[in-house]
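A.B. asks: My questions all concern the structure below.
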Amino acid sequence: MRTIIVYTLSIFVFLAISNAANATKYSKQAVESLAEEHALSVYPHHPDENISAQASPIDTRLNLKPCDSELNAETPNLNRFSKNLTVRVKCEDSTPWTLYIPVQIKILTPVLVANQYLNQGDILTNSNTDIVMIEKNRSRNGFIADKKGITGAKTKKQIRPGEAIINKNVCFVCEGEVVTVIANTSGLSVKAAGIALTDGSFGETVRVKNKSSGRIIHGRVSSVGEIKINL
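Numbering (mature numbering (1 follows the signal peptide of the UniProt record, and there is no 0)), first residue to last: -23 to -1, 1 to 208.
Okay, structure coming up:
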């Protein structure tokens, strides 16, 4: 009987030593990186944006015990409107431990800017504009995020080099200019010429006078010099 007990205890000791030998000693930097990677994987953002994460350093006095399983990271209370997350990192072995790590999210979003002085009435081109990345919390509604379709739009005010170009400061359809009116009805598109009676940027509604009939209509700016109406 004693032999069996001794043998059983030997097995337990062997298993304990084996588990300890197989346990992984995670560095604080590795745990911080895990928290950052998890935050990046769950935080919503647009594909055109650059996102980064910075974990708060773990207290240097803290001694992390080895873990014989992979660490698990989760965000118990994800707030998509907050740039500050708390990531919970857990070791779930026979002697579990948990850390709560603050992680700060930084998002850079693309914004169209002038790369030279632009006077009122200047035409935007690919060569006098650039795309730069700025912190999203500095951006406002109306910023233009790419160069697609901006060629031919006119400035409504002077714009300095490096200054963001926003919708309200440019006109895609400009008052007094000839525009193309596209009327969509029953799957057909009819084009006509018109005179813009108001300025408009992309997506805005403007008043246009039909050159042939003199009729005044309202349409949505769809591109430079073009509006669309649905009949």
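By construction, the Cβ of each residue, glycine as well, lies at the ideal position given by its N, Cα and C atoms.
Predicted, not measured: the structure shown is a model, and the values here were computed from it.
1. Would methionine 200 and glycine 119 qualify as a contact pair, given that the criterion is a beta-carbon distance under 7 Å?
2. Apart from the five residues on each side of it in sequence, which residues of its chain come closer than 7 Å, Cβ to Cβ, to serine 29?
3. Going by CA-CA distance only, name the one from Phe149, Glu181 and Leu89 that's closest to isoleucine 111.
4. Return the CA-CA distance between residue 274 and histidine 23, expressed in angstroms with no decimal places.
5. DSSP three-state call for residue 255: helix, strand or coil?
6. Report the option in Glu26, Leu39 and Glu47 whose CA atom is closest to the CA atom of leucine 11.
7. My understanding is that alanine 50 touches valine 66, with C-beta atoms under 8 Å, so please give their C-beta distance in whole angstroms.
8. Would you check if there are 3 or more beta carbon pairs closer than 8 Å linking the region 137 to 144 to the region 164 to 172?
9. If you follow the beta strand (DSSP E) that isoleucine 111 is part of, which residue opens it and which one closes it?
10. Which same chain residues, not among the five before or five after aspartate 176, have their C-beta less than 6 Å away from its C-beta?
11. What are the residues that DSSP puts in a beta bridge with glycine 171?
12. By the 10 Å Cβ neighbour count, where 16 or more other Cβ atoms means buried, how is histidine 15 classified, buried or exposed?
13. Output needed for asparagine 103: all residues of its chain with C-beta closer than 7 Å, excluding positions within five of it in sequence on either side, in chain order.
14. What is the C-beta distance between asparagine 144 and serine 178, in whole angstroms, given that I count them as a contact (C-beta under 8 Å)?
15. The beta strand (DSSP E) spanning asparagine 49 covers which residue range?
16. For arginine 192, does the count of other Cβ atoms within 10 angstroms reach 16, so buried, or fall short, so exposed?
17. Quick check on residue 226: buried or exposed, where buried means 16 or more other Cβ atoms within 10 Å of its Cβ?
18. Taking just the CA atoms, how far does lysine 5 sit from alanine 32?
19. Please say whether aspartate 45 and aspartate 70 have beta carbons closer to each other than 7 Å?
20. To the nearest angstrom, how far is it from the Cα of lysine 2 to the Cα of threonine 75?
21. Quick one: measure Cβ to Cβ for phenylalanine 185 and isoleucine 159, integer angstroms, because I've assumed they're closer than 8 Å.
22. Of the residues Thr182, Gly180, Glu181 and Asn187, which one's Cα is nearest the Cα of isoleucine 172?
23. Where does the unbroken beta strand (DSSP E) through tyrosine 77 begin, and where does it stop?
C.D. replies: The relevant details are as follows:
1. In the sequence as displayed, the identity of residue 200 is serine instead of methionine. By the CB criterion at 7 Å, serine 200 and glycine 119 fall outside the cutoff.
2. Cβ neighbours of serine 29 beyond the five flanking positions: Lys83.
3. With distances taken between Cα atoms, isoleucine 111 lies closest to Leu89.
4. The shown model of the chain, from -23 to 208, leaves out residue 274, and the question about it has no answer.
5. Residue 255 is absent from the structure shown; the chain starts at -23 and stops at 208.
6. Minimum Cα distance to leucine 11 is reached at Glu47.
7. The distance from the Cβ of alanine 50 to that of valine 66 is about 5 Å, consistent with a contact at the 8 Å cut-off.
8. Between the region 137 to 144 and the region 164 to 172, the count of Cβ pairs shorter than 8 Å is below three; the stretches do not touch.
9. Start and end: 106 to 112.
10. If we look at aspartate 176 and ignore the five residues flanking it on each side, its Cβ neighbours are Cys148, Cys151 and Glu152.
11. For glycine 171, which the question treats as bridged, DSSP gives the partners Val156 and Asn187.
12. Under a 10 Å Cβ-count criterion, histidine 15 is classified as buried, with 16 or more other Cβ atoms of the shown protein chains found around its own Cβ.
13. Result list for asparagine 103: Lys124 and Thr128, in chain order.
14. Asparagine 144 to serine 178, Cβ: 4 Å. Contact.
15. Run containing asparagine 49: 49 to 51, per the beta strand (DSSP E) assignment.
16. In the assembly as shown, arginine 192 is an exposed residue. Its beta-carbon has fewer than 16 other beta-carbons within 10 Å.
17. Nothing can be reported for residue 226, as the shown portion of the chain is limited to -23 through 208.
18. Those two C-alpha atoms are separated by around 11 Å.
19. Yes, the Cβ-Cβ distance between aspartate 70 and aspartate 45 is below 7 Å.
20. Distance between lysine 2 and threonine 75, taken at the CA atoms: about 15 Å.
21. Checking the sequence, you will find valine at residue 185 rather than phenylalanine. Actually they are not in contact, since the Cβ atoms of valine 185 and isoleucine 159 sit about 11 Å apart, beyond 8 Å.
22. Checking every option, the nearest Cα to that of isoleucine 172 belongs to Asn187.
23. Taken as a continuous stretch (DSSP letters only), the beta strand (DSSP E) holding tyrosine 77 covers 74 to 91.
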